[in-house]
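Trainee: Residue numbers (the numbering used here), protein chains in the order written: chain H, 1152 to 1417; chain D, 7 to 111.
Pasting in a structure now, in structure tokens, and then I'll have a few things to ask.
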Amino acid sequence: MTTRRTAFFHGIKAESPILLGTIPFGLIYGVSARSFHLPPVLAQAMSVIIFAGSAQFVVIQLLNASVPAGIILLTACIINLRHALYSASIAPHLKQRGWSWRLLLPYLLTDEAYAVSIIHYQGPDKSPFKHWYFLGAGLILWLTWQIGTAAGLLLGAHIPASWSLDFTLPLTFIALVIPALKKRADAIAAGTAGLAALLVARLPFNSGLLVATFIGIALGLLSEGGEKKQHSSNESSATGEKQPRAQELTASEGAGMVDTQEEKRK
Amino acid sequence: MITWLLILGIGAATYATRLSFITIFSKREIPAPVLRVLRFVPVAVLSAIIWPQLFLVNNAFDLSTANPRWLAGLIAALIAWRTRNVLLTIGVGMAALWILQWVLH
């Protein structure tokens, strides 16, 4: 029997392994802010007001480089655009909730809270209190991010760069992504988005992240469409015999897929 | 002062972004094609964040031993795949990076 209380604590419990990556990330942010001579109050206020780690990192770097405020705002918006995708993805699950939930939960909609909550929302559990689970996950992440920031600001130069604590961020995301790769189309979306991100890394204002994401989504959709077509042709006729192999080849090459599918239509 | 205004602006923009579709879709159904697209969002965006941090050093592709991060990341990915354990993935990944840094330098 799930109650609000147990759902809330289950959310905290599900989020807690991720905190192992959040603490060092918060530390590094605090340490960097100090090394850029940013007022500690300002750096801490950013963790409360913005509450988006990667954007905060970029903002303090740009502030340090005396980049104009308008450009900094634009850059932060582009980096945070992915949250619009999270918002759309979580939206169907919040339709039944009152306006206070729909105003509070978006504030807590970070990469880490989203990843844990969406898995719970899409899971087999029929609990009516999944928003409490989201709240638990979001709040514990919020608290940890604030403490991590404060600790980094206090410790400052005592944490050497050779500890490579910033590496906990990609590690956290690796731990979240790999189990989410359930179908081949997911793996194709992830692989092509990653490869594309390497190629477009030099695009201005960190816009490469979004470009790469859209490339990954497009190829994921294409490969999924290809799989469906393949299934239906296998069922309906024997002429589809050669298609599975062609499908595998095109899927593994990723980028070659569009051409081959068009050829098939001819 | 301008910095504080900037931070408030970024905070408001970030919140508005997170609020956007939750508000738009609160009264109407989400079209099926949109849902198909949304399913790929988490894996695509997280990968696009991960890969450059593993394979790029100062914006240049680096698969040499001077960059131990891609190898440590690969080990972490294997652990994540075999165990699905977040704590173990982060722990082994960090240990792998430290050992590689120590061995290679």
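In this text, a Cβ means the ideal position worked out from N, Cα and C, and glycines have one as well.
Looking at the unbroken alpha helix (DSSP H) that takes in Phe1280 (chain H), where does it start and where does it end?
Mentor: Counted from its first residue, the first sequence places residue 1280 (chain H) at position 129. Unbroken run through Phe1280 (chain H): none, as it is neither H nor E.
Trainee: Report yes or no: do the stretch 76-92 of chain D and the stretch 1303-1313 of chain H share at least 3 C-beta pairs separated by less than 8 Å?
Mentor: no
Trainee: With a threshold of 7 Å on Cβ separation, who are the neighbours of Gly1307 (chain H) within its own chain once the five nearest residues in sequence on each side are excluded?
Mentor: Along the first sequence, one-based indexing puts residue 1307 (chain H) at 156. Val1182 and Arg1185, listed in sequence order.
Trainee: Let me see if you follow: with CB-CB separation under 7 Å, is His1234 (chain H) close to chain D or not?
Mentor: Position 83 of the first sequence, counted from the start, is the residue given in the question as residue 1234 (chain H). Chain D contact via Cβ: present.
Trainee: Are the CB atoms of Leu60 (chain D) and Gly79 (chain D) within a distance shorter than 7 Å?
Mentor: Here residue 79 (chain D) refers to the residue found at position 73 of the second sequence. Here residue 60 (chain D) refers to the residue found at position 54 of the second sequence. A contact, by the Cβ cut-off of 7 Å.
Trainee: Terminal residues of the continuous alpha helix (DSSP H) containing Ser1183 (chain H)?
Mentor: To locate residue 1183 (chain H), count along the first sequence from 1; it is residue 32. Taken as a continuous stretch (DSSP letters only), the alpha helix (DSSP H) holding Ser1183 (chain H) covers Arg1155 to Ser1186.
Trainee: Is the beta carbon of Ala54 (chain D) sitting closer than 7 Å to the one on Ala1348 (chain H)?
Mentor: One-based indexing of the second sequence puts residue 54 (chain D) at position 48. One-based indexing of the first sequence puts residue 1348 (chain H) at position 197. It is a contact, given that the beta carbons lie within the stated cut-off.
Trainee: Cα-Cα, which of H:Gln1207, H:Ala1264, H:Ile1291 and H:His1244 is closest to Ile36 (chain D)?
Mentor: To locate residue 36 (chain D), count along the second sequence from 1; it is residue 30. Measuring from the Cα of Ile36 (chain D), the nearest candidate turns out to be H:His1244.
Trainee: Comparing the C-beta of Leu77 (chain D) with each C-beta of chain H, is any distance below 7 Å?
Mentor: Here residue 77 (chain D) is taken as the residue at index 71 of the second sequence, counted from 1. Taking Cβ atoms only, chain H never reaches closer than 7 Å to Leu77 (chain D), which makes this a no.
Trainee: Going by beta-carbon coordinates alone, are Val1199 (chain H) and Ala1227 (chain H) separated by less than 7 Å?
Mentor: Within the first sequence, the letter at position 48 stands for residue 1199 (chain H). Within the first sequence, the letter at position 76 stands for residue 1227 (chain H). Result no, Cβ atoms of Val1199 (chain H) and Ala1227 (chain H) do not sit closer than 7 Å.
Trainee: So, for Gly1289 (chain H): in the same chain, excluding its five sequence neighbours on each side, which residues have a beta-carbon less than 6 Å away from its beta-carbon?
Mentor: On the first sequence, residue 1289 (chain H) is found 138 positions in, with the first residue counted as 1. For Gly1289 (chain H), where only same-chain residues beyond five positions count, the Cβ hits under 6 Å are Leu1259 and Ala1264.
Trainee: Could you tell me the alpha carbon to alpha carbon distance between Leu1370 (chain H) and Thr1343 (chain H), rounded to whole angstroms?
Mentor: Sequence index remark: in the first sequence, residue 1370 (chain H) carries index 219 (1-based). Sequence index remark: in the first sequence, residue 1343 (chain H) carries index 192 (1-based). Those two C-alpha atoms are separated by around 7 Å.
Trainee: Please work out which residues of its chain come closer than 7 Å, Cβ to Cβ, to Gly1172 (chain H), disregarding the five sequence neighbours upstream and downstream, and give them in chain order.
Mentor: Taking the first residue of the first sequence as position 1, residue 1172 (chain H) is located at position 21. Same-chain partners within the cutoff: Thr1319, Leu1320, Leu1322 and Thr1323.
Trainee: Go to Met7 (chain D), then tell me how far its alpha helix (DSSP H) extends in each direction, as first and last residue.
Mentor: For the purposes of this step, residue 7 (chain D) is taken as the residue at position 1 of the second sequence. Per DSSP, Met7 (chain D) belongs to no alpha helix (DSSP H) and is neither H nor E.
Trainee: DSSP state of Leu84 (chain D), grouped into three classes?
Mentor: Here residue 84 (chain D) refers to the residue found at position 78 of the second sequence. Three-state DSSP puts Leu84 (chain D) in a helix.
Trainee: At the 7 Å Cβ level, is Ala1102 (chain H) part of the contact set with chain D, yes or no?
Mentor: Since the displayed chain H opens at 1152 and closes at 1417, residue 1102 (chain H) lies outside it and no answer follows.
Trainee: Beta-carbon within less than 6 Å of Val1267 (chain H)'s beta-carbon, same chain only, minus the 5 sequence neighbours each way: which residues are those?
Mentor: Along the first sequence, read from residue 1 onward, the residue named residue 1267 (chain H) stands at position 116. So the qualifying residues of the chain are Ala1165, Glu1166 and Ala1288.
Trainee: So, does the CB of Asn65 (chain D) fall closer than 7 Å to a CB anywhere in chain H?
Mentor: Taking the first residue of the second sequence as position 1, residue 65 (chain D) is located at position 59. With 7 Å as the cut-off, Asn65 (chain D) counts as an interface residue toward chain H.
Trainee: Near Ser1388 (chain H), what residues of its chain come up, given a Cβ to Cβ distance below 8 Å and the 5 sequence neighbours on each side ignored?
Mentor: Walking along the first sequence from the start, residue 1388 (chain H) turns up at place 237. Here Ser1388 (chain H) scores only 41 on pLDDT, less than 50, and its place in the model should not be relied on; the value that follows carries that caveat. So the list is empty, once near-sequence residues are dropped.
Trainee: Run down chain H in chain order and give the residues with a C-beta less than 8 Å from the C-beta of Ala72 (chain D).
Mentor: Residue mapping note: residue 72 (chain D) aligns to position 66 of the second sequence, counting from 1. Per Cβ cutoff of 8 Å: no residues; Ala72 (chain D) is ~14 Å from chain H at best.
Trainee: For Lys1393 (chain H), count the other beta carbons within 10 Å of its own beta carbon; 16 or more makes it buried, fewer makes it exposed. Which is it?
Mentor: In the first sequence, the residue the question calls residue 1393 (chain H) occupies position 242. Per-residue confidence for Lys1393 (chain H) stands at a pLDDT of 38, beneath the threshold of 50, marking its modelled position as unreliable; the derived number appears in the next sentence. So Lys1393 (chain H) ends up on the exposed side.
Trainee: DSSP on Leu69 (chain D), reduced to helix/strand/coil?
Mentor: Along the second sequence, one-based indexing puts residue 69 (chain D) at 63. The answer is coil: DSSP assigns Leu69 (chain D) none of H, G, I, E or B.
Trainee: For Thr1154 (chain H) and Leu1327 (chain H), what's the separation of their Cα atoms in angstroms?
Mentor: Indexing the first sequence from 1 puts residue 1154 (chain H) at position 3. Indexing the first sequence from 1 puts residue 1327 (chain H) at position 176. The straight-line gap separating the alpha-carbon atoms of Thr1154 (chain H) and Leu1327 (chain H) is approximately 26 Å.
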